[in-house]
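>
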Amino acid sequence: MDPNFALSEEEKDALRKKRHLGLRKLGSLGLIILGFCFLAFVIGIASIVVQAEDPTPPYMLGLALIAGVIMLPSGIVAVLAARKGRDEEEVSSAVIVFFVFCVIAVTFCVLIMLGGGVLGIVLCSLDDEKIEHLCEPNHDANVALSVLTLLVSLVLFILSIMGSCFLCLYGRTFGFKSRYEQRMEMQVRRMQAMQAQGQQVNLQYNQQFSQGGMSNSAFKYP
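Its first residue numbered 1000, the sequence shown is counted upward by one per residue in this note's numbering.
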């Protein structure tokens, strides 16, 4: 195994170019997320306002607003990381934060799609008197807002999946290593430590031989 387990200059340049490409994509993804978060805010607030006279779930909850709030940190961190990366080499912590928020958002977006989108549409479609009142008095508006909640939550879900995959695609360019690379580096460091220890032992023997007036050439190492 090669003890000098390091990247060549060509590999470093390739990683640097891929890293810059990843930062551009991360910044673009962050801007898209922020745009749909703003749209989710509008839909969520509209749902609350429309159903303010007769607040009934799930319309009064404004679940699209919650989806936007959950994804908002991901968009902000992505944009800041992309801009910071142009001046500083270390943006790995920001990438980790972005990844964590995206993973969290995946679950919440699914719940909001089901609770605020699908459930809202179903409640307005039933002819049961016990349930029908939940969609009144703004039946058409609630149906439209439920459809919009479903769509915006679906888009945010897809964006959160894309954000989660970003670390897998560009993680190595930000200093994240696979388990194989970590094992290789540990083995290399262990070999280097053993070599350094062996050199130190040889140096001690040479010093002892010199102090005893004995010639090193008289000893042959196996």
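Just so it is clear, CB atoms sit at the ideal spot from N, CA and C, and this is done for glycine as well.
Note that this is a predicted model, so its numbers are computed, not measured.
At the level of alpha carbons, what is the spacing between V1117 and D1127?
Each residue's alpha carbon lies about 17 Å from the other.
> Along the chain, which unbroken stretches of the alpha helix (DSSP H) at least 4 residues long are found entirely within the stretch 1055-1119?
1062-1083, 1091-1111
> Is the distance from the Cβ of I1069 to the Cβ of F1107 below 7 Å?
yes
> Can you check which of these residues, E1008, F1173, G1162, is closest to F1100 by C-alpha distance?
If you compare the alpha carbons of E1008, F1173, G1162 with that of F1100, the shortest gap goes to G1162.
> How big is the Cα-Cα spacing for F1035 and A1063?
Their Cα atoms are separated by approximately 10 Å.
> For A1143, report the span of its alpha helix (DSSP H) as first-last.
1138-1169
> Could you have a look at D1012 and say whether DSSP puts it in helix, strand or coil?
helix
> For A1045, does the three-state DSSP call read helix, strand or coil?
DSSP, reduced to helix, strand and coil, places A1045 within a helical segment of the structure shown.
> Do you know how far the Cα of R1018 is from the Cα of C1167?
13 Å
> If you measure between the beta carbons of G1029 and G1074, is that distance less than 7 Å?
yes
> Could you check the C-alpha separation between T1172 and I1103 for me, to the nearest Å?
24 Å
> Rounded to whole angstroms, what is the Cα-Cα separation between V1090 and A1066?
26 Å
> Might you give, ordered along the chain, the residues of its own chain that have their beta carbon closer than 7 Å to the beta carbon of F1040, omitting 5 neighbours on each side?
L1064, G1067
> Locate the alpha helix (DSSP H) running through E1135, then write down its first and last residues.
Where E1135 is concerned, there is no enclosing alpha helix (DSSP H), given that its DSSP letter is neither H nor E.
> Quick check on DSSP: helix, strand or coil for L1022?
helix
> Just how far apart, CA to CA, sit D1012 and K1024?
The alpha-carbon of D1012 is positioned some 18 Å away from that of K1024.
> Sort T1055, E1052, M1059 by Cα distance to S1046 and report the nearest one.
Nearest option by C-alpha distance: M1059.
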